[in-house]
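As structure tokens, the structure follows; a few thoughts come after it.
Residue numbers (full-length UniProt numbering), protein chains in the order written: chain A, 1 to 851; chain B, 1 to 101.
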């Protein structure tokens, strides 16, 4: 009772949490290492769920893909060095430039930023791990397996060849037979699971795991940037996932979403792709900007200028970047007014970008910049990114865009933005955090040489490419026999391209030398003020022997903090219960809320991702009838996954965090990390549904070939079944709500869980009857295909909710419901499934009435 | 209301207004609103301008409703509201000049 009072008191009083008494640091270290370390030997390689291990693994794998993408770039430059290059044939060239773009975007840039976030965020925020360690591991394995599928296709000569944006109808079955396009659609979607997983856990970690006292308005800017990035990933990736699913369904089953002759429209692909594709630029840029905002003030021996302005700029970028996508489609014949909306938004987005650049320049102005290696790369970033931003403003102007559209000018612009805005800051970040990662200091000299070689190589390659584009050279051509005026410029780009490659190889060599031969680094070699340096180097798997509290956060003195935390003077010291524990705090003001117990090492993520991979491979092989078997395995493993969570949640005891502060292990309703993660995931799911509704509206309003012939679904039988579907989902929602509200009652809830199961079952039955007896052939017209997809979406969610109801029933049987979060999770998903189901029914009935 | 939604409401209003006007643009072109005159302008432009003005008014209300002050916790949501207002004015300003379909 005393403990409870103490815990509640934290929410009301100012955050003055007393320190724990000092203990022997080595003893604490050993105690924590026993609990948090990876398994030994090869088993540890497959069962690790720790964020330090997986963050590094993400980044190392991304660097390997970067090297492969770079080799492909060199092949492209070798081919283009002369007018009639015979180095590659057209088919191989198409595969190589498609894979170069796809690898750099999906297998290098995004995983690299995920890895950086996963590695750094817990350290910067003062916690021990990400919110969902198994999800981190699942994301990594999905990324690795998806990437390997793409690489295997390249090695086998069946790699995608339709450009990294896979425009239809070129990528449709008629013009792209074989599995090349399927490899992209399925492989990239597989990889995107890791992006969504990372986005969910980054969001939850930043909002719920900051050190007590670290208010949102005080947290390190890197966390703000990553929060913006994660939010953009949750909203940006679903349109691409939807587009990939639709195109794959069209290719595999002939449902005509993009086929003009049957009511589809290739422009739907472009819209969905660029709804992802443009925010993607900012998804890549924001973490890089976060690294700059972290490194720059420390190297200038000052604080960042305009913290609030930068946060506001991030806010503006996150939103405005979703209003630009049509500027990639200026040449497709969109009415002037619509063009001007997107042109204006494209110009407006330069303002928050400029706010950040001026804040960084101002920070340098007020401080004393030290020209260390990371600073060199930041200066390289300024030069390159500002030039790329300015050509971006040029391309936002419609008449210029029409002139430069699809030329090498755009290729030059995007490389200035992406290499300037991401690669240079990442090289700065690597130089900055290598002592943190390896515990070793850099060997001076080689890194500086590498910087100058990279900078000269980059600008030599891409500056002249602007001119090549302005002279009219289109993108993605392999020979240009009739245009001798492009040859010298191309040859120049090729020569400097190899120079840049040499520079990057030197940089890699520098990293290897530092990791293997560098001298021991001091604890905080850069004298940085952030918590990522308040630990021994290299970082232990648990980061902090005791967690930083309000005092340590306010001090911003890692050297002093590190010693206090290592001696257990922070919060929640050691691992006395033999569990992986961390503090969960409230979202805005970071007040201690409860103690979360995280799962330990397990191979479950590997097995689950392998099952998803089996589904992808079966689809690629055209074994569509067998593919659902893999999904059954996925469902069974997901069940087991959540059984693990239920076991962890059992207990509900209070845990001593500090003198006079004890917190519950079992949070109140809606306050668990799992609940927060569920909300984040549903944001992504809701965006996918919204994109699908956009697709329905777009084809109805814009596509040729409408209105379609009258459909059978508009019959009375169809209407009755739609009502039955809505009623079934409504009943299930009622059951879920009652179960959650009466959760402490335990066993008496079985009837409600059965009712929920029955409601979802009835909805599925209604959908099956609609599909089997009422709905028209989905290959006949896009209207019928869209209805099929809506039915599939609603059915999938009803099935998931049925499984969740069954899971709750199982927990009731085991007597675990009173302490379990499962009823809350089911209620959340059931509400979503019911709401989207009702919207889908309304859309079908509404569009039928309009027709 | 928690802090984060308050910080997001301004840009969120812009997103809603921008999507609404763009949606009305596509719908109006498809339904032939640009040929129907109402109150001295086309029905199409009237619908879009109404949505724009509605969004602007909502943004103004939010700017006035949110408290200001030197404390970043209070200041940031208000800056967010100004961002929403500024973006709504600038990105939809072409409504006054360009031909609609």
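Glycine included, each C-beta is placed from N, C-alpha and C at the ideal position.
In this text, all values refer to a predicted model and were calculated from it rather than measured experimentally.
| Asked | Found |
| --- | --- |
| Below-8 Å beta-carbon distance, residue 415 of chain A vs any chain B residue | no |
| Contact set between residue 94 of chain B and chain A, taken where Cβ atoms lie within less than 7 Å | 337, 340, 341, 344 |
| Where residue 852 of chain A sits in the DSSP three-state scheme | For chain A, the structure presents residues 1 to 851; residue 852 of chain A sits outside this window and is missing. |
| Contact under 8 Å by Cβ, residue 552 of chain A with residue 442 of chain A | no |
| Span separating the alpha-carbon of residue 499 of chain A from that of residue 80 of chain A | 16 Å |
| Enclosing beta strand (DSSP E) for residue 21 of chain B [first to last residue] | Unbroken run through residue 21 of chain B is the alpha helix (DSSP H), 3–31; no beta strand (DSSP E). |
| Endpoints, the alpha helix (DSSP H) within which residue 596 of chain A is located | Run containing residue 596 of chain A: none in the alpha helix (DSSP H); it sits in the beta strand (DSSP E), 592–598. |
| Own chain residues within Cβ distance below 7 Å of residue 546 of chain A, not counting five before or after | 20, 565, 568, 569, 570, 571, 572, 573 |
| Bounding residues of the alpha helix (DSSP H) (the contiguous stretch that carries residue 803 of chain A) | 782–814 |
| Chain C contacts from the segment 63–96 of chain B (Cβ-Cβ distance under 9 Å) | Of the protein chains in this structure, namely A and B, none is chain C. |
| Contact under 8 Å by Cβ, residue 250 of chain A with residue 172 of chain A | yes |
| Straight-line Cα distance separating residue 635 of chain A from residue 6 of chain B | 38 Å |
| Residues of the segment 48–63 of chain B whose Cβ lies closer than 7 Å to any Cβ of chain A, in chain order | none |
| Closest by C-alpha distance to residue 657 of chain A, when choosing among A/163, A/591, A/627 | A/591 |
| Whether residue 878 of chain A touches residue 11 of chain B by CB criterion (8 Å) | As shown, chain A starts at 1 and ends at 851. That puts residue 878 of chain A outside it, with no answer to give. |
| Beta carbon proximity, residue 7 of chain A to chain B, threshold 8 Å | Per-residue confidence for residue 7 of chain A stands at a pLDDT of 38, beneath the threshold of 50, marking its modelled position as unreliable; no derived number is given. |
| CA-to-CA distance, residue 506 of chain A to residue 689 of chain A, given in whole angstroms | 46 Å |
| Straight-line Cα distance separating residue 716 of chain A from residue 125 of chain A | 58 Å |
| Residue from A/806, A/58, A/422 whose Cα sits closest to the Cα of residue 638 of chain A | A/806 |
| Three CB pairs or more closer than 8 Å across the segment 722–729 of chain A and the segment 43–51 of chain B | no |
| Every unbroken alpha helix (DSSP H) within the segment 279–329 of chain A, with a cutoff of 4 residues, ordered by chain | 307–320 |
| Run of the alpha helix (DSSP H) containing residue 74 of chain B, from where it starts to where it stops | 72–92 |
| In DSSP terms, what residue 192 of chain A is bridged to | DSSP, once it has assigned bridges, lists no residue as partnering residue 192 of chain A. |
| Contact list for the segment 571–598 of chain A against chain B, Cβ threshold 7 Å | 587, 588 |
| Short CB-CB distance (under 8 Å) between residue 35 of chain B and chain A | no |
| Endpoints, the beta strand (DSSP E) within which residue 580 of chain A is located | 580–585 |
| Cβ-based burial, residue 458 of chain A [other Cβ within 10 Å; buried from 16] | buried |
| Which of helix, strand or coil DSSP assigns to residue 248 of chain A | helix |
| Residue 547 of chain A, DSSP secondary structure in three states | strand |
| Collapsed DSSP secondary structure at residue 520 of chain A in the structure displayed | strand |
| Sub-8 Å separation of residue 660 of chain A and residue 593 of chain A beta-carbons | no |
| Under 7 Å by beta carbon: chain A residues contacting residue 26 of chain B | 701, 702 |
| For residue 273 of chain A and residue 240 of chain A, believed in contact at Cβ under 8 Å, the rounded distance | 6 Å |
| Given 8 Å, three or more beta-carbon pairs between the segment 81–101 of chain B and the segment 220–233 of chain A | no |
| Close-in-space but distant-in-sequence residues of the same chain around residue 158 of chain A (CB under 7 Å, 5 per side omitted) | 178, 179, 180, 183 |
| Identity of the residues DSSP links to residue 664 of chain A by a beta bridge | A/654 |
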